[in-house]
Structures are given as C-alpha cells and as structure tokens.
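**Q** Read in order, the letters of the sequence shown correspond to residues 0 to 508 in numbering that gives the first Met the number 0. Here it is, the structure, as structure tokens.
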Amino acid sequence: MHDVIILGAGISGLSAAKLLSEMGLDVLVLEARDRVGGRTHTLHDPRFGYTDVGGAYVGPTQNRILRMAKDLGVDTYLVDDSQYCLTEIQGSVRRFVGVIPPIYNPIGLLDLNNAIRTVDKMAAEVPRAAPWKHPSAKQLDSMTAKEFIERMVWAESTKILLDIFIKTVFCVETHEISTLCVLWGIRCGQGIERMSNISGGAQERKFVGGAQTISERLAERIGRERVRLSSPVVRVEQAGDGVTVTSERGETSVGRFAISAVPHAILQMIRFHPPLPARKRQLIQRMPMGSVIKTVTFYDRAFWKERGFSGCSMSDVGPVDFSIDDTKPDGSHPAIMGFIQAGTARRLSLGTLEQRKESVCQHYAKIFKMEEFLNPKDYIEKNWMEETYSGGCYSSIFGPGVLTAFGDALRQPVGRIHFAGTELADEWIGYMDGAVQSGERAAREILLELGKIPVDETFQPEPPPPADVSLNPTESSWLTGALPSVDTLLRFSGIALAAGLAWFFQSKL
Ligand SMILES: Cc1cc2nc3c(=O)[nH]c(=O)nc-3n(C[C@H](O)[C@H](O)[C@H](O)COP(=O)(O)OP(=O)(O)OC[C@H]3O[C@@H](n4cnc5c(N)ncnc54)[C@H](O)[C@@H]3O)c2cc1C
0 MHDVIILGAG ISGLSAAKLL SEMGLDVLVL EARDRVGGRT HTLHDPRFGY
50 TDVGGAYVGP TQNRILRMAK DLGVDTYLVD DSQYCLTEIQ GSVRRFVGVI
100 PPIYNPIGLL DLNNAIRTVD KMAAEVPRAA PWKHPSAKQL DSMTAKEFIE
150 RMVWAESTKI LLDIFIKTVF CVETHEISTL CVLWGIRCGQ GIERMSNISG
200 GAQERKFVGG AQTISERLAE RIGRERVRLS SPVVRVEQAG DGVTVTSERG
250 ETSVGRFAIS AVPHAILQMI RFHPPLPARK RQLIQRMPMG SVIKTVTFYD
300 RAFWKERGFS GCSMSDVGPV DFSIDDTKPD GSHPAIMGFI QAGTARRLSL
350 GTLEQRKESV CQHYAKIFKM EEFLNPKDYI EKNWMEETYS GGCYSSIFGP
400 GVLTAFGDAL RQPVGRIHFA GTELADEWIG YMDGAVQSGE RAAREILLEL
450 GKIPVDETFQ PEPPPPADVS LNPTESSWLT GALPSVDTLL RFSGIALAAG
500 LAWFFQSKL
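Structural data, given as structure tokens:
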C-alpha cells in the first residue's frame with residue numbers, strides 16, 4: 000500500500016508529490032497523458048527549438064512557482080516590451096508604451112481610470128480563501144460581468160478594454176462569468192495592472208527551455224518510477240482504511256490517501272465509490288473551462304522590432320485578442336505568440352489550421368501595417384478545447400450563482416480523498432503559481448492527518464523570493480487615485496453650473 004496516490008501529473012499533482020516524498024512518504028502519481036505537465040506543454044523541434052503552447056508566463060509575486068523553478072534549476076528570461084505596443088479598438092489602431100492604451104477622449108480616459116480603480120478596490124474586498132463570504136457575495140454572484148460593466152462604465156472604449164481584459168484572463172465572454180468570479184480572480188492576481196502588465200506583471204518572464212521543464216524536473220526529483228504515464232484513472236474507491244484507484248488499463252493501486260489533482264471540469268470522467276457528496280457532484284458540473292487556441296507564428300527576422308514594435312498587441316476585433324513577442328532571449332527563432340479566445344476560438348475551431356494561420360497572419364499584417372507578416376516561416380497552434388484531459392483552458396470559470404451556492408465544497412476533502420488543482424488556489428488562481436499552492440496545501444492536509452505537521456502549517460504564506468527573482472511591484476501614480484470619475488465630474492459640473500446660474504440671476508435682480 001502506498002501512502003498517497005496522486006491523480007494527475009500537472010504542476011499541482013507533482014508539487015504535492017514532491018512535498019510528500021520530501022517528508023518521507025511513499026507516493027505514486029498516475030497520469031492520463033503520455034507526458035507530465037498537463038496544461039503546460041513545450042514542443043521541441045529543430046525548426047523552432049522549443050515553444051510553449053500552454054502555460055508560459057510568470058511574474059512578480061508569483062513566489063511559489065518562482066521558488067519551485069529556482070529549486071529545480073530552471074531559469075527565467077524577460078519578455079521584451081521595451082518598444083511600442085498596439086491597440087485596435089473599434090477599427091482604430093494606436094501605438095503606446097506600457098500597459099494602459101492611449102484614450103484621447105478625456106471622458107474615456109477618466110472613465111477607464113475610474114473603472115480600473117473601482118474594480119481593483121472591489122476586488123481587494125473579496126475574501127481570498129472564501130469569496131462566497133463577501134458581504135455582498137449573493138448580489139455580485141448573481142450578476143454577469145457584462146451586466147456589471149454596463150452598469151459601471153460610461154465610455155464604449157472602457158467597456159471594450161474590460162471585455163478584452165476578461166477574454167484574455169478568463170478565456171470567456173463577459174456574459175458567461177459572474178462578477179464575483181472576476182473580482183476573485185483579480186484579488187488573487189493582485190489587481191488589473193499586475194495581471195495585464197508585461198514588465199512588473201504576470202507576463203514579465205518565461206522559463207528557459209519552456210514551462211513544461213518544471214514538471215519534467217519535478218518528475219525526476221520525485222523519481223520517474225513513481226510517475227506512471229498513460230494511466231487515466233477511471234475509478235476511485237474508498238473502503239476501510241484505504242483508497243483503491245483503478246486506471247483505464249485495469250491496473251489497481253492502493254493508498255492510505257489520494258489527492259485528485261485532475262481539473263474539476265473533467266472529474267465527471269472518474270467514478271467515485273461511494274459517490275462524491277451531492278454538492279461536490281453538482282459543483283463539478285458547474286466549472287466549465289475557458290476556450291482558447293494558443294498560436295505561435297515564426298518569421299525569418301523580427302522585422303517588427305527593427306521598426307520599433309515589441310510585438311505586443313490587443314484587439315477587440317481579433318481573431319488574435321492579445322499577442323506578445325515570442326523570440327528566444329538570444330534573438331533566435333523570431334516569433335509572435337497570439338491568443339485566440341472565447342467566442343472567436345469556438346468559431347475558428349470550425350475552420351482548418353490553414354484558415355486560422357491565414358487569418359492570424361492577416362490580422363498581424365493589418366494592425367502592424369507590415370506585409371511581411373503574411374509570409375510566416377512556420378505556424379504552430381494548440382486548441383485546448385480539443386484536449387480530453389483538460390477540457391479547455393486556461394482554467395475553470397464560475398458562472399452566476401455557482402460560487403455562492405457551491406464554493407465551500409471546492410477544497411473540502413471527501414474522506415481520504417483530498418483535492419488540488421489551480422482552480423482551488425487562493426493566490427494566482429488559474430495560474431501555475433496557484434497550481435503549486437493548491438498541490439502543497441493538499442499535501443499538507445494529509446501531513447496534518449498523519450500528525451506530521453500542526454494545523455497552523457496547512458495553509459502557509461509564501462516568503463518573498465530570493466533577490467535574483469524578486470521583481471518590481473506595480474504601483475499606481477497619485478494621479479490615478481486623484482482623477483474624478485465621469486459621474487463625479489458630471490455631478491460637480493452640475494453643481495458648478497447651478498451655482499453659476501444662481502449667482503448670475505441673483506446679480507441681475
Ligand atoms: C494556453 C494556455 C496559456 C496559459 N498561460 C499561462 C501563463 O502564462 N501563466 C500561468 O501561470 N498559467 C498559464 N496557464 C495556466 C496554467 O498552465 C495552469 O494553471 C496550470 O498548468 C495548471 O496546473 P494543474 O496541475 O492545476 O492542472 P493540469 O496542468 O491540468 O494538471 C492536471 C493533470 O491531470 C491529468 N489528468 C486528467 N484526467 C486524469 C485522469 N482521469 N487520470 C489521471 N490523470 C488525469 C492531466 O492530464 C494533467 O496532466 C495557461 C494555460 C494554457 C492552456
């Protein structure tokens with residue numbers, strides 16, 4: 000009998016396995032795919048060296064994944080955003096440096112500033128570990144992000160930019176996701192700017208050799224013989240003082256405990272005996288994955304850099320909602336990474352790879368105004384909606400009503416089965432960092448049950464990383480806080496106008 004059987008060799012499952020084996024426990028990891036890494040997937044090919052078609056970017060305050068990378072000897076490199084970025088809104092393309100696109104209409108600018116400030120403030124009030132405990136949880140959870148945006152913003156440009164933000168971060172349309180879920184995600188990601196930025200934000204760095212290297216090294220550290228690939232788990236049975244896990248191949252393994260590090264969205268593929276409690280069963284029917292196709296387009300030269308552009312862009316028309324330069328740090332294999340997301344991803348899934356390649360290249364050629372984009376050297380894409388063992392990406396979202404009705408069943412163990420996966424994190428939920436946190440938390444729950452750690456060590460805050468991976472904080476300027484909202488401006492203008500008229504008529508009497 001093993002001490003712990005872990006389902007899934009993504010970052011969360013392997014992080015759990017590492018911690019448990021370091022504490023002297025005997026672990027077995029069962030992985031459905033013929034590779035480790037799950038939602039991180041690095042392709043290797045002489046044509047382009049290596050390229051990430053899954054999770055890739057890390058940044059400041061993602062201290063758990065940065066600590067893990069350092070421990071495993073995986074270095075990071077900076078993503079280049081030193082030159083101009085582009086934004087396409089309502090057919091108009093503008094260039095800018097930094098994160099906030101240029102809005103030349105003063106009402107639009109005030110409105111965008113106020114929207115970011117308001118959303119960040121509301122997000123900061125969401126309880127990280129239990130958003131359903133927010134005093135206005137029911138109200139926030141009954142409203143879609145679309146309804147919330149329509150109520151809050153004045154300017155069409157603000158609405159479009161918030162739409163792009165939600166599409167890019169959650170891979171869904173704004174009408175599919177609850178406001179509470181969006182605010183929780185922003186709380187866990189430390190604010191809109193931190194999540195949107197390249198420098199100082201979540202897209203600041205990539206891993207040398209690709210993000211899947213983290214899982215490869217984790218598997219080596221745990222011992223390859225303890226990680227069984229091509230073993231989809233189909234049945235988990237709890238009886239007496241053990242858990243029996245059966246794979247599709249009919250192999251059974253017995254453990255004192257089990258950790259499911261399989262995404263909740265696809266947990267229905269596994270039969271549990273006794274069945275999962277009613278609310279857990281209902282919860283896993285209500286955590287759909289986002290829709291995304293990640294594309295990488297290679298060129299002979301990084302001609303966009305030669306003309307002053309970083310390669311980053313965002314667009315409300317698409318098909319690419321968001322792009323970033325993906326040239327290797329030594330300048331080799333010039334490339335642009337582009338995400339096709341939400342409704343556009345679903346629509347373009349109906350076409351062929353050749354058609355998508357053509358529309359991605361045409362998109363770049365149009366917004367960068369460079370014909371060279373029409374002649375790529377190579378085009379790679381991964382449609383995560385097609386993946387049986389992910390069901391979509393980057394992670395699950397919660398539609399209206401789900402967090403308040405079922406949220407507390409998320410992390411609750413069921414007998415000897417504990418649950419991990421980035422969706423269960425309370426910092427950087429949906430990210431690789433959240434995967435590490437959830438895996439280590441599930442492992443500590445078992446260590447607690449075995450009397451190996453005290454109760455107050457189950458949820459551990461992460462200390463700041465060593466100096467060489469410590470990165471700049473994102474700080475808002477005083478002006479951002481001081482500028483009025485459009486509402487305040489209109490109210491103030493109304494009062495000023497009324498006072499002016501009163502004075503005028505009084506002086507005439
Ligand atoms: C296109 C894309 C872009 C992303 N960008 C970023 C980014 O830039 N930065 C970032 O931090 N994150 C990003 N992410 C998200 C990040 O990759 C995930 O948050 C993280 O990898 C999740 O790890 P996990 O262990 O929780 O889940 P997973 O990686 O999904 O691991 C679960 C594992 O369980 C296995 N499994 C499933 N069913 C079974 C079964 N029945 N039996 C056994 N095994 C099973 C799966 O094969 C998988 O290996 C991105 C993801 C995608 C797809």
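Built from N, CA and C at the ideal position, the CB exists for glycine as well.
Please name the residue in Leu-447, Tyr-388, Glu-461 and Gly-398 whose C-alpha comes closest to that of Thr-39.
**A** Among Leu-447, Tyr-388, Glu-461 and Gly-398, the Cα nearest to that of Thr-39 belongs to Tyr-388.
**Q** Return the chain-ordered ranges of every beta strand (DSSP E) run that is complete within the region 268 to 322 and spans a minimum of 3 residues.
**A** As far as the region 268 to 322 is concerned, its whole beta strand (DSSP E) runs of at least 3 residues are 270 to 272, 291 to 297 and 308 to 314.
**Q** Can you find a CB in chain B that lies within less than 8 Å of the CB of Thr-167?
**A** Reference to chain B is not applicable here, since this structure consists of a single protein chain.
**Q** Let me confirm a value: Asp-320 is counted as buried when at least 16 other C-beta atoms fall within 10 Å, else exposed. Which label applies?
**A** So Asp-320 counts as buried.
**Q** Indicate whether the contact test is met: 3 or more Cβ pairs, each with one atom in the region 378 to 388 and one in the region 103 to 111, closer than 8 Å.
**A** No: fewer than three Cβ pairs fall under 8 Å.
**Q** Could you name each continuous alpha helix (DSSP H) segment of 4 residues or more that falls completely within the region 176 to 212, going from the start of the chain to the end?
**A** List check, alpha helix (DSSP H) in window: 178 to 187 and 191 to 195.
**Q** Between the Cα of Asp-51 and those of Gly-254, Trp-303 and Gly-37, spot the shortest distance and give me the residue it belongs to.
**A** When each option's Cα is compared against that of Asp-51, the closest is Gly-37.
**Q** Please state whether the Cβ-Cβ distance between Thr-157 and Asp-110 is less than 8 Å.
**A** In contact: Thr-157 and Asp-110 (Cβ atoms closer than 8 Å).
**Q** Across which residues does DSSP place Arg-234 in a beta bridge pair?
**A** DSSP output for Arg-234 lists Thr-245 and Arg-270 as bridge partner(s).
**Q** With the cut-off set at 8 Å, would you say Ile-64 and Asp-325 are in Cβ contact?
**A** For Ile-64 and Asp-325, no; Cβs fall outside 8 Å.
**Q** Is there at least one non-hydrogen atom of ligand 1 closer than 7 Å to the beta-carbon of Lys-293?
**A** Answer for Lys-293: yes, Cβ within range of ligand 1.
**Q** Our contact map puts Asp-74 next to Val-242 with C-beta atoms below 8 Å; I'd like the distance itself, whole angstroms only.
**A** That belief does not hold up - the Cβ atoms of Asp-74 and Val-242 are roughly 38 Å apart, past 8 Å.
**Q** Please determine whether the Cβ atom of Pro-464 lies at a distance below 7 Å from any heavy atom of ligand 1.
**A** Every heavy atom of ligand 1 is 7 Å or more from the Cβ of Pro-464, so no.
**Q** Specify the secondary structure class of Gly-525 as computed by DSSP and reduced to three states.
**A** Beyond the ends of the chain as shown, which are 0 and 508, falls residue 525; an answer cannot be given.
**Q** Ser-309 and Asp-79 look like a contact to me (Cβ under 8 Å); what is the Cβ gap, rounded to whole Å?
**A** Yes, Ser-309 and Asp-79 are in contact; Cβ-Cβ is about 6 Å, under 8 Å.
**Q** Inspect the beta-carbon positions of Gln-340 and Ser-290 and report whether they are closer than 8 Å.
**A** Against a cut-off of 8 Å, the Cβ pair of Ser-290 and Gln-340 comes out as a contact.
**Q** Using a 10 Å radius around the Cβ and a threshold of 16 neighbouring Cβ atoms, would you call Leu-27 buried or exposed?
**A** The residue is buried, with at least 16 neighbouring Cβ atoms inside 10 Å.
**Q** Report the residue from Gly-337, Ser-358 and Ala-31 whose alpha carbon sits nearest the alpha carbon of Val-295.
**A** Taking only the C-alpha atoms, the option nearest Val-295 is Gly-337.
**Q** Helix, strand or coil: which one does DSSP assign to Ile-416?
**A** Note: Ile-416 maps to strand in three-state DSSP.
**Q** Going by DSSP, name the residue or residues bridged to Pro-340.
**A** Rather than Pro, the amino acid found at residue 340 in this sequence is Gln. Per DSSP, Val-291.
**Q** Got a sec? Which residues, its chain only, sit under 6 Å from Met-286 by beta carbon, not counting five neighbours each side?
**A** These residues qualify, in order along the chain: His-263, Ala-264 and Ser-395.
**Q** Helix, strand or coil for Ile-106? Go by DSSP, reduced to three states.
**A** Reduced to three states, the DSSP call for Ile-106 is helix.
**Q** Any contact of the region 124 to 134 with the region 168 to 187, i.e. 3+ C-beta pairs under 8 Å?
**A** Yes, the region 124 to 134 touches the region 168 to 187.
**Q** Residues in the same chain with beta-carbon distance under 6 Å from Thr-167, minus the five sequence neighbours each way, listed in chain order, please.
**A** Excluding positions up to five away in sequence, the list reads Asp-320 and Phe-321.
**Q** Quick one: what's got a C-beta closer than 6 Å to Ala-424's C-beta in the same chain, skipping five residues either side?
**A** So the list reads Gly-433, Gln-436 and Ser-437, once near-sequence residues are dropped.
**Q** Go ahead and label Glu-87 buried or exposed: buried means 16 or more other beta carbons lie within 10 angstroms of its beta carbon, across all protein chains shown.
**A** Looking at its Cβ environment, which holds 16 or more other Cβ atoms inside 10 Å, Glu-87 is buried.
**Q** Smallest Cα separation from Thr-41: which of Glu-385, Gly-342, Met-369 and Ser-214?
**A** Residue Ser-214 is the option with its Cα nearest to Thr-41.
**Q** Which two residues bound the contiguous alpha helix (DSSP H) that contains His-362?
**A** Its alpha helix (DSSP H) spans residues 352 to 367.
**Q** Just the C-alpha distance for Val-232 and Gln-284, rounded to the nearest angstrom, thanks.
**A** Rounded to the nearest angstrom, the two C-alpha atoms are 19 Å apart.
**Q** Are three or more beta carbon pairs between the region 395 to 409 and the region 131 to 150 nearer than 8 Å?
**A** Counting Cβ pairs under 8 Å, three or more are found: they touch.
**Q** Return the chain-ordered list of same chain residues with a C-beta closer than 7 Å to the C-beta of His-332, the five sequence neighbours on each side being excluded.
**A** Counting only Cβ-Cβ distances below 7 Å, and skipping sequence neighbours, we find Phe-47, Gly-48, Phe-297 and Thr-326.
**Q** Is Arg-511 a contact residue of ligand 1, with contact defined as CB to any heavy atom under 7 Å?
**A** Lying before the first or after the last residue shown, residue 511 is absent from the chain, which here runs from 0 to 508.
**Q** Does the separation of the CB atoms of Val-35 and Leu-19 fall below 8 Å?
**A** Not in contact: Val-35 and Leu-19 (Cβ atoms no closer than 8 Å).
**Q** Compute the Euclidean distance between the alpha carbons of Glu-371 and Leu-352, then round it to the nearest angstrom.
**A** The alpha-carbon atoms of Glu-371 and Leu-352 are separated by roughly 20 Å.
**Q** Applying the 10 Å Cβ sphere with the 16-neighbour rule, what's the burial state of Thr-143?
**A** Thr-143 comes out buried.
**Q** Quick one: using the 10 Å Cβ neighbour count with 16 as the cut-off for buried, is Thr-251 buried or exposed?
**A** Under this definition Thr-251 is an exposed residue.
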